[in-house]
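The structure appears below as structure tokens.
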Amino acid sequence: MKYVVLVTETLTREITVTAVNKDSAREIAAGWYKREELALDHNDWKGTTFEVVS
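In terms of full-length UniProt numbering, the sequence shown opens at residue 1 and continues consecutively.
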């Protein structure tokens with residue numbers, strides 16, 4: 001199933017991921033987001049939340 005995960009930080013963005021349930025959707029989005037942020041050389045995700053919105 002596809003889930004839309006809302007990433008809340010300084011900027012709010014949505015990530016669509018395919019996962020078997022909401023918990024794994026949140027984990028997949030968190031992992032994807034952190035890898036992307038590392039690539040952009042941003043290393044502080046404290047306070048970042050991942051919420052499955054649909």
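Every residue gets a Cβ at the ideal spot worked out from N, C-alpha and C, and that includes glycine.
When DSSP builds the beta bridges, which residues end up paired with THR12?
Bridge partners of THR12: none, in fact.
Where ARG13 and TYR33 are concerned, what is the direct C-alpha to C-alpha distance, given to the nearest angstrom?
10 angstroms
C-alpha distance - ALA29 paired with VAL53, whole-angstrom precision = 12 angstroms
Practice item. Report the rounded CA-to-CA distance for PHE50 versus MET1, giving the unit in angstroms. Key: 17 angstroms
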